[in-house]
Amino acid sequence: MAFSSFKSTVVLATIATGPKREDANSSGCGGGWEFQCSCQQPWTDPINPTVGYAFAAMTSSIEKETSCACYVAEFEGAKPGKINTLFYQVINDGGDVGFGVDGLDILVPGMGVGLMTQGCANQWKGFDIGKWGKQYGGLDRDAAGCANLPQDLQHGCMWRMKDWGDSVRIKGRPRRVRCSKAHIDKSGCQRKDEPTEVFQDLLQ
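Counting with my numbering, you get residues 107 to 310 for the letters of the sequence shown.
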């Protein structure tokens, strides 16, 4: 993602060296050695339990306009978990999401490894990803299955079980807002064209 609209690009993790700036030719899903950092897991707002924070992959016809941008989406429909508003940062172009333009894939441990099955297998050698649930959908509501994930990922898996629940329909369209410091600190990525509107303004 070497676009001029970025102040900095996404920090990934390498097996050998730890955090490192992205190299487009070394994706762990394509046989390389760079993977999503474990710190880029979802969490719940400590004050408002209906608000969640996350990272996501999103397909777009113009990648440079969405990469590292932050959005707020509201969800509708019945699902376990209190969260109905998600504040997320796009850290992946979502080329494997497969739903056309603006497909959204919230990155949550325990929700399935998706199309690129080799990614998790290469990053977490020694773990049986066959015990991580279905390729699409993951563990569903099997909270006990979170124990089969690496310890670093179990917090995000339990977030899905206790706070999030199942993925449901997005209400309307995601709205772009200024990224939070928490997102930027975890991803290492910030855009130069950040909007003036902040997420808290939408809650008023």
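No residue lacks a Cβ here, since even glycine has one placed at the ideal position from N, Cα and C. A quick note: this is a predicted structure, and the numbers were derived from the prediction, not measured.
- For K277, the uninterrupted beta strand (DSSP E) segment begins and ends at 275 to 283.
- Beyond the five residues adjoining it in sequence on each side, F305 comes within less than 6 Å, by CB distance, of V178, F193, V283 in the same chain, given in chain order.
- Per the DSSP secondary-structure output, A160 pairs in a beta bridge with Y194.
- In this structure, the CA atom of G216 is about 15 Å from the CA atom of C143.
- In this structure, I212 sits near A160, with a CB-CB distance shorter than 9 Å.
- The continuous beta strand (DSSP E) containing D211 extends over residues 210 to 212.
- If you compare the alpha carbons of D272, V196, E182, S293 with that of A175, the shortest gap goes to V196.
- Between P152 and W265, the C-beta spacing is not below 9 Å.
- Scanning the region 222 to 295 from its first residue to its last, the whole alpha helix (DSSP H) runs of 4-plus residues come out as 223 to 229, 257 to 265, 287 to 293.
- Cβ-Cβ distances below 7 Å link G218 to G239, K240, Q241, Y242, G243, G244 in the same chain, with the five nearest sequence neighbours on each side left out; the list follows chain order.
- For A179, the uninterrupted beta strand (DSSP E) run begins and ends at 176 to 182, by DSSP.
- For E171, the secondary structure class from DSSP, reduced to helix, strand or coil, is helix.
- The C-beta of T223 has fewer than 16 other C-beta atoms within 10 Å across all chains shown, which makes the residue exposed.
- W270 places its beta carbon 9 Å or farther from that of G137.
- For A163, the number of other beta carbons within 10 angstroms of its own is at least 16, and it is reported as buried.
- In this structure, I276 lies near L210, with their beta-carbon atoms less than 9 Å apart.
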